[in-house]
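For the record, in the sequence shown the residue sitting at position 73 is 73 according to UniProt numbering, with numbers rising by one throughout.
Note that CB positions come from ideal geometry on N, CA and C, so glycine has one too.
Following: one structure in structure tokens, then a few remarks.
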Amino acid sequence: MVVPIYFCVQSNLLSTCYLSSVQLLKNYHKWRAECPEITADLRPSPILNLFHAGYHAVLRSRDDSGSKVLIYRIEHWDPKQFTAYEVFRVSLITSELIVKEEETQRNGVKAIFDLQGWRLVHAFQITPTMAKRIAAVMADSFPLKVRGIHLINEPLFFHPVFAIIKPFLPDKIKQRVHLHGSNYIPTLHQHFSASILPPEYGGTGPAMSELCEEWTDHIMSSEDYLLSISQNTQPTEGPG
């Protein structure tokens with residue numbers, strides 16, 4: 001079995017989660033085995049149009065606590081072109097890249113989900129099975145601490161979808177979910193400095209178009225590495 005390097009870089013993997021490194025490896029491979037729709041092919045090229053559409057960006061600067069900040073924009077996800085599994089693969093691709101950073105291992109990630117444009121056609125793709133698989137990553141199947149999940153512009157009919165996901169989340173993650181609504185700037189800025197946020201979210205940092213292009217270029221330049229994870233980190237049966 002070939003293990004991704006970030007599992008082996010530091011002997012104190014316990015600093016990235018509350019599980020032993022052995023248990024985390026087992027969980028990671030078990031999750032990969034159960035989610036081939038997401039994990040079997042981590043090449044970004046098949047979903048390149050989703051990146052080009054401006055769905056996802058990573059901020060250049062960390063927040064005040066040192067967390068990496070990710071942004072996802074639902075209105076740039078065309079559900080007729082990409083399934084929810086393909087969309088979630090975007091998150092996994094980014095996670096596989098940023099988890100190599102020691103500072104990210106220590107301080108985790110925070111995500112901003114802009115739900116502007118959320119429609120029923122999006123909601124119908126989030127099944128209980130899908131919700132459980134998403135929750136597993138945030139709980140104990142990936143060596144990244146989720147320090148915060150911030151939802152903005154969430155419509156009322158998003159709440160039933162969140163109600164499907166919520167039972168699968170551990171209590172510590174539930175406590176880190178923030179619903180900001182459509183008048184989100186005052187409360188969002190309580191968590192993120194305006195200096196790191198793009199102008200689209202009331203900040204003075206680089207624009208979303210620039211950030212999306214920058215991160216897409218980085219992902220595409222990492223395609224060989226991502227392919228190696230897909231090919232080499234195959235689920236295996238651990239010792240009983």
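Please state whether DSSP places D114 in a helix, a strand or coil. Within the sequence shown, residue 114 is the residue found at index 114, counting from 1. D114 falls in the strand class under three-state DSSP.
Count the other C-beta atoms from every protein chain shown that fall within 10 angstroms of the C-beta of S209, then say buried if there are 16 or more, exposed otherwise. Within the sequence shown, the letter at position 209 stands for residue 209. Classification for S209: exposed.
Comparing C-alpha positions only, which one of A131, W31, V58 and L179 sits nearest to P206? Sequence index remark: in the sequence shown, residue 206 carries index 206 (1-based). Among A131, W31, V58 and L179, the Cα nearest to that of P206 is on V58.
How many angstroms separate the CA atom of V99 from the CA atom of Q105? Counting from 1 along the sequence shown, the entry for residue 99 is found at position 99. Counting from 1 along the sequence shown, the entry for residue 105 is found at position 105. Answer to the nearest angstrom: the Cα atoms are 6 Å apart.
Please determine if the segment 147 to 160 and the segment 120 to 127 are in contact, where contact requires at least 3 C-beta pairs separated by less than 8 Å. yes
Residue closest to L227, alpha-carbon to alpha-carbon, out of S45, E101 and H29: Position 227 of the sequence shown, counted from the start, is the residue given in the question as residue 227. Among S45, E101 and H29, the Cα nearest to that of L227 is on S45.
Rounded to a whole number of angstroms, what is the C-alpha to C-alpha distance between residue 245 and K166? Only positions 1 to 240 of the chain appear in this structure, which leaves residue 245 out of reach.
Y72 in three-state terms, based on DSSP: For the purposes of this step, residue 72 is taken as the residue at position 72 of the sequence shown. Taken through DSSP and simplified to helix, strand or coil, Y72 comes out as strand.
Check whether I173 and F113 have beta carbons under 9 Å apart: Here residue 173 refers to the residue found at position 173 when the sequence shown is read from its first residue. Here residue 113 refers to the residue found at position 113 when the sequence shown is read from its first residue. Taking 9 Å as the Cβ cut-off, I173 and F113 do not qualify as a contacting pair.
Output the residue ranges of the beta strand (DSSP E) runs that lie fully inside the UniProt domain "CRAL-TRIO" (50 to 206) and measure 3 residues or longer, sorted by chain position. 56 to 58, 68 to 73, 109 to 114, 146 to 152 and 177 to 181
Please state the DSSP three-state secondary structure of V33. Against the sequence shown, residue 33 aligns to sequence position 33. Here residue 33 turns out to be Ala, not Val, going by the sequence shown. Helix.
Would S195 and T204 qualify as a contact pair, given that the criterion is a beta-carbon distance under 9 Å? Against the sequence shown, residue 195 aligns to sequence position 195. Against the sequence shown, residue 204 aligns to sequence position 204. Contact: yes.
Is it right to say F51 is buried, meaning 16 or more other beta carbons lie within 10 angstroms of its own, or is it exposed? Looking up residue 51 in the sequence shown gives position 51. The residue in question, F51, is buried, as its Cβ has 16 or more Cβ neighbours within 10 Å.
When the Cα atoms are used, what is the spatial distance from Q190 to K145? As a first step, residue 190 must be located in the sequence shown, where it is residue number 190. As a first step, residue 145 must be located in the sequence shown, where it is residue number 145. Note on geometry: alpha-carbon atoms of Q190 and K145 lie some 20 Å from one another.
Do L115 and L151 have their beta-carbon atoms positioned less than 9 Å apart in this structure? For the purposes of this step, residue 151 is taken as residue 151 along the sequence shown, with counting starting at 1. For the purposes of this step, residue 115 is taken as residue 115 along the sequence shown, with counting starting at 1. Yes, the pair counts as a contact, with Cβ atoms nearer than the cut-off.
The alpha helix (DSSP H) that contains I47, what's its start and end? The count along the sequence shown starts at 1 and reaches residue 47 at position 47. Taken as a continuous stretch (DSSP letters only), I47 belongs to no alpha helix (DSSP H), as it is neither H nor E.
Using a 10 Å radius around the Cβ and a threshold of 16 neighbouring Cβ atoms, would you call N27 buried or exposed? One-based indexing of the sequence shown puts residue 27 at position 27. Flag for N27 reads buried.
Straight-line gap, S95 to V109 (C-alpha atoms, nearest Å): As a working note, residue 95 is residue 95 in the sequence shown. As a working note, residue 109 is residue 109 in the sequence shown. Near 9 Å, if we compare the C-alpha coordinates of V109 and S95.
By Cβ distance, which residues of its chain are closer than 6 Å to R89, with the 5 residues on each side in sequence left out? On the sequence shown, position 89 is the one that residue 89 refers to. Only I38 meet the Cβ criterion.
If you count every other CB in all the chains shown that lies within 10 Å of the CB of S182, and 16 or more means buried, which is it? Here the question's residue 182 lines up with position 182 in the sequence shown. Flag for S182 reads exposed.
CA-to-CA distance, M130 to T216, given in whole angstroms: As a first step, residue 216 must be located in the sequence shown, where it is residue number 216. As a first step, residue 130 must be located in the sequence shown, where it is residue number 130. Between the C-alpha atoms of T216 and M130 there is a straight-line separation of about 25 Å.
Please classify D63: is it buried, with 16 or more other beta-carbons within 10 angstroms of its beta-carbon, or exposed? Counted from its first residue, the sequence shown places residue 63 at position 63. Answer is buried; the Cβ neighbour count reaches 16.
Let me confirm a value: F142 is counted as buried when at least 16 other C-beta atoms fall within 10 Å, else exposed. Which label applies? Walking along the sequence shown from the start, residue 142 turns up at place 142. It is buried - the Cβ of F142 has at least 16 other Cβ atoms within 10 Å.
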